[in-house]
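Residue numbers (my numbering): 1012 to 1326.
Okay, structure coming up:
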């Protein structure tokens, strides 16, 4: 589980954070610190009101952080430089890209590179009621439409996202075999048909577009939601771009579908499709990705934030 230490994982506490800041960014070392919060790959520690330290928990997470440091400024620049001579359509929204503000190197007994990143004040969407998530379906659709722009030829690729479903079918089958026995026969047949249609759908033939990589509700922050905060901001903010890559947008859309109720999913699909030629194959693949992610989430340990989302979709 994210909050449990892996073997050999460095212990990240306020004393370590103070030591890293004092040596490498002394102008930040006096700021108040929040409590360390562990995610799957990184521990986040709030620094003052507007910043946080993003500290990898393991070597692979350091590689993902390196990707963010290298690519997020380029992505932010590309999206900001889109033509603005005419009003941007309502179905596009320029995403907020949490570009790392500073970087750090291994010191004080901590073995990985790290970064200072913007802090997004709010509440993870996974913690709010389903009706609140349904309300932001058009905003999330617009955010992803804004992000899903053609990427440069050297943009990073992923073996797990943005690829053809055939590339993940072995992993899907293992997950399916471990969980399908818990489902009713009727639901197994329904989900198996969704997957079959996804695999049989026309493959993606468009340009490789930028993908968040993991836009599930625990990587989505609702600014202004939480104790003592004001009304919900109209646009959810995507965070944790460690899986940033380029490819078929269906994998992002499959993850996004898990935010919503069936009615919310319909709203999301309609909003994402606004102003574009309908592409049933895209949504067939996206629904297959949604089942794949649901299996991943459902297999998580009890108490994990995303487990109920996976279980709800599979049920």
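Cβ atoms here follow ideal geometry from the backbone N, Cα and C, with glycine treated the same way.
- One thing to note: residue 1170 has its Cβ no nearer than 7 Å to the Cβ of residue 1233.
- Residue 1108 and residue 1157 have their C-alpha atoms spaced approximately 11 Å apart.
- Beta bridge pairing from DSSP links residue 1055 with 1048, 1065.
- Beyond the five residues adjoining it in sequence on each side, residue 1202 comes within less than 6 Å, by CB distance, of 1302 in the same chain, given in chain order.
- Residue 1117 counts as exposed, since fewer than 16 other C-beta atoms from the protein chains shown sit within 10 angstroms of its C-beta.
- Under the three-state reduction of DSSP, residue 1219 is assigned to coil, being neither helix nor strand.
- The Cβ atoms of residue 1256 and residue 1173 lie closer than 7 Å to each other.
- Leaving aside the five residues that flank residue 1145 on each side, the residues in its chain whose CB is nearer than 6 Å to its CB run, in chain order, 1271, 1272, 1275.
- The alpha carbon of residue 1089 has as its nearest neighbour, out of 1193, 1166, 1262, 1199, the alpha carbon of 1166.
- Between the stretch 1203 to 1217 and the stretch 1065 to 1079, the count of Cβ pairs shorter than 8 Å is below three; the stretches do not touch.
- Taking 7 Å as the cut-off, the beta carbon of residue 1317 is found no closer than this to the beta carbon of residue 1305.
- Around the Cβ of residue 1196, a 10 Å sphere holds fewer than 16 other Cβ atoms; the residue is exposed.
- Per DSSP, the beta-bridge partners of residue 1129 are 1062.
- With fewer than 16 neighbouring CB atoms inside 10 Å of its own CB, residue 1207 falls in the exposed class.
- Burial is judged here by how many other beta carbons sit within 10 angstroms of a residue's own beta carbon; residue 1247 has at least 16 and is buried.
- Looking from the CA of residue 1045, the closest CA among 1034, 1033, 1028 belongs to 1028.
- Here residue 1264 has 1297 as same chain residues with Cβ atoms under 6 Å from its own Cβ, once five neighbours each way along the sequence are excluded.
- Residue 1281: member of the alpha helix (DSSP H) spanning 1273 to 1284, first to last residue.
- For the 7 Å CB-CB criterion, residue 1326 and residue 1102 do not form a contact.
- Under DSSP, residue 1118 forms a beta bridge with 1121.
- Measuring C-alpha to C-alpha distances from residue 1168 to each of 1262, 1308, 1067, 1311 identifies 1262 as the nearest.
- Its Cα nearest to that of residue 1282, the residue 1268 stands out among 1268, 1295, 1162.
- Across the structure, residue 1205 and residue 1180 are spaced so that their CA atoms are roughly 13 Å apart.
- In terms of Cβ geometry, residue 1111 and residue 1131 do not form a close pair [threshold 7 Å].
- Per DSSP, the unbroken beta strand (DSSP E) holding residue 1233 starts and ends at 1231 to 1234.
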